[in-house]
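As given, the protein sequences belong to chains A and B, one line each in that order.
Mapping to full-length UniProt numbering: the first sequence position 91 is 91, numbers consecutive.
Mapping to full-length UniProt numbering: the second sequence position 61 is 61, numbers consecutive.
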Amino acid sequence: MEIIMSILAGFLFTVGLYLILTKNLIRIIIGSSVLSHGAHLLLLTMAGLKTGAPPLLGLEADTYVDPLPQALILTAIVISFGVTSFILVLGYRTYKVTGAAETDQLRGTDTDE
Amino acid sequence: MFTILHLAIIAPFLAAVLVPLLYKFIPRIHTGWFVLIVPIILFSYFLSYLPEVSGTGSVMKTFEWIPSLGINYIAYVDGLGLLFALLITGIGALVVLYSIYYLDKHKEQLNNFYTYLLLFMGAMLGLTLSDNLIVLYTFWEITSISSFLLISYWYTKEKSRYGALKSLLITVMGGFALLVGFVLIASVTGTYSIRGILEASDQLADSPLFLPAMLLILLGAFTKSAQFPFHIWLPDAMEAPTPVSAYLHSATMVKAGIYLVARMTPLFAVSAYWFWLVTGFGLLTLIWGSLSAIRQTDLKGILAYSTVSQLGMILSMLGAGAAALHYDSIDNNAYTIAVAAAIFHLINHATYKGSLFMMVGIIDHETGTRDIRRLGGLMTLMPISFTIAVIGGFSMAGLPPFNGFLSKEMFFMSMVEITHFPQYSVDSIGILLPIVAWTASIFTFVYCMMLVFRTFTGKLQKEKLPTKPHEAPFGMLLSPLILVALVVFIGFFPNTLVPTIIEPAMASIMPELAQTGSFGVDIYFWHGFSLELFMTIGVVLLGTAIFLALQKWNKMHVIFPENRLFNQAYNRSLEGLDRSSHALMSWHMTGLVRDYFIYIFSFTVVLLLFSLFGTGAFTIDVENMVPVSPYEAILSLVLVGSSLILMFTRSRLKAVISLGALGYTVALFFVLFRAPDLALTQLTIETVSVTLFLLCFYHFPQIFDALKETKFHAVNFVISATVGLTVTLIGLSASGTRLFPAISDYFLENSYKEAGGNNVVNVILVDFRGFDTLLEILVLAIASLGVYSLIKLRLAGGENK
Chain A
1 MEIIMSILAG FLFTVGLYLI LTKNLIRIII GSSVLSHGAH LLLLTMAGLK TGAPPLLGLE
61 ADTYVDPLPQ ALILTAIVIS FGVTSFILVL GYRTYKVTGA AETDQLRGTD TDE
Chain B
1 MFTILHLAII APFLAAVLVP LLYKFIPRIH TGWFVLIVPI ILFSYFLSYL PEVSGTGSVM
61 KTFEWIPSLG INYIAYVDGL GLLFALLITG IGALVVLYSI YYLDKHKEQL NNFYTYLLLF
121 MGAMLGLTLS DNLIVLYTFW EITSISSFLL ISYWYTKEKS RYGALKSLLI TVMGGFALLV
181 GFVLIASVTG TYSIRGILEA SDQLADSPLF LPAMLLILLG AFTKSAQFPF HIWLPDAMEA
241 PTPVSAYLHS ATMVKAGIYL VARMTPLFAV SAYWFWLVTG FGLLTLIWGS LSAIRQTDLK
301 GILAYSTVSQ LGMILSMLGA GAAALHYDSI DNNAYTIAVA AAIFHLINHA TYKGSLFMMV
361 GIIDHETGTR DIRRLGGLMT LMPISFTIAV IGGFSMAGLP PFNGFLSKEM FFMSMVEITH
421 FPQYSVDSIG ILLPIVAWTA SIFTFVYCMM LVFRTFTGKL QKEKLPTKPH EAPFGMLLSP
481 LILVALVVFI GFFPNTLVPT IIEPAMASIM PELAQTGSFG VDIYFWHGFS LELFMTIGVV
541 LLGTAIFLAL QKWNKMHVIF PENRLFNQAY NRSLEGLDRS SHALMSWHMT GLVRDYFIYI
601 FSFTVVLLLF SLFGTGAFTI DVENMVPVSP YEAILSLVLV GSSLILMFTR SRLKAVISLG
661 ALGYTVALFF VLFRAPDLAL TQLTIETVSV TLFLLCFYHF PQIFDALKET KFHAVNFVIS
721 ATVGLTVTLI GLSASGTRLF PAISDYFLEN SYKEAGGNNV VNVILVDFRG FDTLLEILVL
781 AIASLGVYSL IKLRLAGGEN K
């Protein structure tokens, strides 16, 4: 399972990055979202899968899975949501102001002030 | 202990801080009057050291700055240092006095001027009176910077900025070389103290770093002292106000290189390279400078090239004087005369060149021009200036009864004497040295005559002068008059300087010889009908002939290679640097975010793969892996499927939906992998995200139109696939490896005990790492503020549609 999860994480990275490398603003935003999914899965996999019960002490199990990566991922999910929503609105606004949906059109030149 | 000596060295810096305040709050009085106090007090203070350093004495005061690291500020006053300290403060006082009349308090920014000037004065004092090489280097660079600021004082002028930049680039380049040279020396001798290094000079002489260190230090000295071919910055530095030219670019700063060569002479004099490089470049600069000077039409241009040439002359004497250090004793050691001559000429040059610069400043001030083609016949209108010019100019030309005559005779004597030196094949080609020296002196004579007679005799061309010429006010004449009085005084009583300044300075340059007895320097006019006298007579006769014939000699420009050669080399290399750096930048700084991402990720991949395989960290531990359940297999397929759709879809709705599907699949994975909190959060967030995307889509569907154009981009895919592969490899190696015990056990144990919570993940977030969560909330708050204002904000004229 770890092998599959690692490959999946790598796959999500590939897709996310491929989308980020395109010129289209919407694809870039979607790509960053995909990229963070990949990162979350990677973190979870690296800590070891299914090594115990969920980290809820009330279950009174012998072993629990590592709670620390979960805390990290939880933070990351929230932050990535913040980032995604911000750049989505930024892209929306950029399009509204400049009419550009591609990064090429937004490229500044040296003569711009 | 922090002594008065330390205070004296940093006093100019302290005063520099006060200057802007004085300028602002007491505008009625010319700021120069306040500044004048500083060099006068310092000059009298340093005079009090004369008895202490006479003979071979020296004064050393240590201030323990950071004692725990052994970093001390050691002020060290010996003959050589004191000579420079007196020059810096003495000439400094006269220059400040002169500048009070030269710079108008209503029109000029005096605060800048005097701040820079005091900065320079302090740096120069620190340079000459410190024992530590790094301290010396630091002050060395401060002099370059203050020189840059002073040259560009009239920064609205294009030429000022050009000259300032040129001087900075050339001198700082030399400064870097100097720093490397110092570090090389210190790596051999193990100390940065100059005295410590001089004691370990044998150690350095045997080291393979001896020659590189010497060349680097000479590069520093030659650039600072405007030696051929680095002299090109000095004529352009003449764009500075004349008091600055008189002070920095003739009397003091350019002599820092000479100071360094003198300081390092005991260290390097054993080398034949030192002898030939210093003497050779000195003489080359001497003749090049004097030849260039006679082609100038600007009075300050003449003085600039004459300074270049005279600096070369002083250096050549120091180089020749290095021969003296090959003997153990002072007796019958005729080569010490060269060092005496170098020091004597250094003082003389400061006096007559200072007065000449000030005289030129007066001409410029009172007639509005410095062009000798427009000047002439000022003798009757400006008699005092004429007197100054005659005394200064004749002294520079080497005519009796002025001090320049004495040092020029000594120069000839030392150049003739050096031909008897038995080593370094001087006996075969050494005869060239006096010949070059003599030839250069003829041209020196010519430009001195030009300076005096083109300006003051001939026909007055009133119509060519911007203003009506008249004699300068007394205050302006005072400083040059003091200097020419010194020229005459030293000319008649040169031996007053010998025991007080010249011999102690010689003792610093030749410390071992000084132990064996007195140098016995005796300077006087009449040596009988010696070779030197005939050389001087020859200079006067030939020089006069050339001067009279000079007008017909304009073909010189054709015969003599253009000085522009070096200027062009400088300009071209500057332009080339500019162009190539621009080309390099525009080649990789494309302005496309995509390209920058590619750089970042390529670099990351290379770094990660290198460390993964380079350190042998890549392992796959199959033993402890959990088996794959069918449920997980289905989820994986859904994940892959939805990402593939995301990658290639042209439909906007499909994209949004598969992004949602992807997010929910991840949430289901969280459930399977025993992470209920994550699953809950992910579900909530994913729902909100999809809603947000849909809202955006609903309000502004056009933005998604661009999705329709899609083209598979192979390069991008290769890059992203490589990154994905790297991530997979890292994930595989990491999941099986535990190098350290996890800190999670701590949380599991203490979650209930310390924080009273059963949900460990929640406890970590809100309790153990509560501050992180607080900051996370802050990030979210900022993001939501951003979102809100981006939606609501209406910029004036910012809307296209």
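We put the beta carbon where it would ideally sit given N, CA and C, even for glycine.
Remember, predicted model here, so these are calculated numbers, not experimental data.
CB contact flag (B:THR455, B:LEU378, <8 Å): Yes. Within cutoff.
Would you report the Cα separation of A:TYR18 and B:THR156, rounded to the nearest angstrom? C-alpha separation (whole angstroms): 52 Å.
Where does B:GLU799 sit, in a helix, a strand or coil, going by DSSP? Model confidence at B:GLU799 stands at a pLDDT of 48, short of 50, so the residue's coordinates are unreliable and nothing is read from them.
Could you check whether B:HIS365 and B:THR307 sit closer than 8 Å to each other, using their CB atoms as the reference points? No. Outside cutoff.
Checking the sheet assignment: what are the DSSP bridge partners for B:VAL59? Beta-bridge pairing links B:VAL59 to B:VAL77.
Supposed close pair B:PRO499, B:SER58 - CB separation, criterion 8 Å: 16 Å between Cβ atoms; not a contact.
Just tell me which of B:LEU86, B:LEU646, B:LEU653 and B:PHE700 has its CA closest to the CA of A:LEU35. The residue with the shortest Cα to Cα distance from A:LEU35 is B:LEU646.
With three or more beta-carbon pairs closer than 8 Å as the criterion, would you say the stretch 483-491 of chain B touches the stretch 384-403 of chain B? Result yes; three or more Cβ-Cβ pairs closer than 8 Å.
Using a Cβ-Cβ distance under 8 Å, would residue 819 of chain B count as near chain A? Since the first residue of chain B shown is 1 and the last is 801, residue 819 of chain B is not available in this structure.
Is it right to say B:MET476 is buried, meaning 16 or more other beta carbons lie within 10 angstroms of its own, or is it exposed? Per the 10 Å Cβ criterion, buried.
Buried versus exposed call for A:ALA101 [16 or more other C-beta atoms within 10 Å across all chains shown]: With 16 or more other Cβ atoms within 10 Å, it is buried.
When burial is assigned at 16 or more other CB atoms within 10 Å of the CB, is B:ARG263 buried or exposed? Buried is the call here.
Three-state secondary structure (DSSP) of B:ASN333: DSSP places B:ASN333 outside both helix and strand once states are collapsed to three, so it counts as coil.
Between A:SER32 and chain B, is the shortest Cβ-Cβ distance under 8 Å, so that the two count as touching? With 8 Å as the cut-off, A:SER32 does not count as an interface residue toward chain B.
Identify every run of the alpha helix (DSSP H) within the stretch 553-637 of chain B, keeping only runs that are complete inside it and at least 4 residues long; order them along the chain. Uninterrupted alpha helix (DSSP H) stretches at least 4 residues long and entirely within the stretch 553-637 of chain B occur at 556-559, 564-588 and 593-614, given in chain order.
Quick one, which residues of the stretch 44-61 of chain A are near chain B if we go by CB-CB under 9 Å, in chain order? Within the stretch 44-61 of chain A, those residues whose Cβ lies closer than 9 Å to any Cβ of chain B are, in chain order, LEU44, THR45, MET46, ALA47, GLY48, LEU49, LYS50, THR51, GLY52, ALA53, PRO54, PRO55, LEU56, LEU57, GLY58 and LEU59.
Could you confirm whether any beta carbon from chain A is found closer than 8 Å to the beta carbon of B:ARG674? Answer yes: the Cβ-Cβ gap between B:ARG674 and chain A drops below 8 Å somewhere.
Taking 8 Å as the cut-off, does the stretch 691-703 of chain B touch the stretch 582-590 of chain B (at least 3 CB pairs, one atom from each stretch)? Cβ pair count under 8 Å is below three, so no.
Near-chain B residues of the stretch 64-77 of chain A - C-beta to any C-beta below 7 Å: Those residues of the stretch 64-77 of chain A that come within reach of chain B (Cβ to Cβ, closer than 7 Å) are TYR64, VAL65, ASP66, PRO67, LEU68, GLN70, ALA71, ILE73, LEU74, THR75 and ILE77.
Kindly indicate if chain A contains any beta-carbon less than 8 Å away from that of B:GLU632. Closer than 8 Å to some Cβ of chain A, the Cβ of B:GLU632 qualifies, so yes.
Return the residue from the list A:PHE11, A:ILE73 and A:GLY16 that minimises the CA-CA distance to A:SER32. Comparing alpha carbon positions, the residue from A:PHE11, A:ILE73 and A:GLY16 closest to A:SER32 is A:GLY16.
Here's the rule: buried if 16 or more other CB atoms are within 10 angstroms of the residue's CB, otherwise exposed. What is B:TRP288? If you draw a 10 Å sphere on the C-beta of B:TRP288, you find 16 or more other C-beta atoms in it, and that means buried.
Using 10 angstroms around the beta-carbon of B:SER580, count the other beta-carbons present and answer buried if the total reaches 16, otherwise exposed. When all chains shown are included, B:SER580 counts as exposed.
Determine the closest residue to B:ILE10 out of B:PHE120, B:TRP33 and B:PHE84, with distance taken between C-alpha atoms. Residue B:PHE120 is the option with its Cα nearest to B:ILE10.
When Cβ atoms are compared, which residues of the stretch 602-635 of chain B fall closer than 7 Å to chain A? Contacts with chain A (Cβ-Cβ distance below 7 Å) from the stretch 602-635 of chain B involve MET625, VAL626, PRO627, VAL628 and GLU632, listed in chain order.
With a cut-off of 8 Å, do at least 3 Cβ pairs link the stretch 90-97 of chain A to the stretch 76-95 of chain B? No contact exists between the stretch 90-97 of chain A and the stretch 76-95 of chain B.
Can you list the alpha helix (DSSP H) stretches of 4 or more residues lying completely in the stretch 706-776 of chain B, in chain order? Counting only runs of 4 or more, we get 714-735, 744-755 and 760-763.
For B:SER789, which beta-bridge partners are listed by DSSP? Partner(s): none; B:SER789 has no beta bridge.
Around the C-beta of B:ALA226, are 16 or more other C-beta atoms found within 10 angstroms, so that it is buried, or is it exposed? Its Cβ being crowded by 16 or more others within 10 Å, B:ALA226 is buried.
Interface residues of chain A facing B:GLU754 [CB-CB closer than 7 Å]: At a C-beta separation below 7 Å, B:GLU754 has no neighbours in chain A, since its nearest C-beta there lies roughly 12 Å away.
So the candidates are B:LYS159, B:LYS792 and B:LEU678; which of them puts its Cα closest to the Cα of B:LEU765? With respect to the C-alpha of B:LEU765, the residue from B:LYS159, B:LYS792 and B:LEU678 having the closest C-alpha is B:LEU678.
By the three-class DSSP mapping on this structure, what secondary structure does A:ALA53 have? Note: A:ALA53 maps to strand in three-state DSSP.
For B:ILE66, count neighbouring Cβ atoms within 10 angstroms of its own Cβ and tell me buried if that reaches 16, exposed if not. Counting of Cβ neighbours within 10 angstroms places B:ILE66 among the exposed residues, the total staying below 16.
First and last residue of the uninterrupted alpha helix (DSSP H) at B:ASP236: Start and end: 233-236.
Within-8 Å CB hit, B:ARG295 to chain A: B:ARG295 does not count as touching chain A.
Residues of its chain near B:HIS470, where Cβ-Cβ distance is below 7 Å and the 5 sequence neighbours each way are ignored: Take B:HIS470, set aside five residues on each side of it, and the residues of its chain with a beta-carbon closer than 7 Å to its own are GLU366 and LEU381, in chain order.
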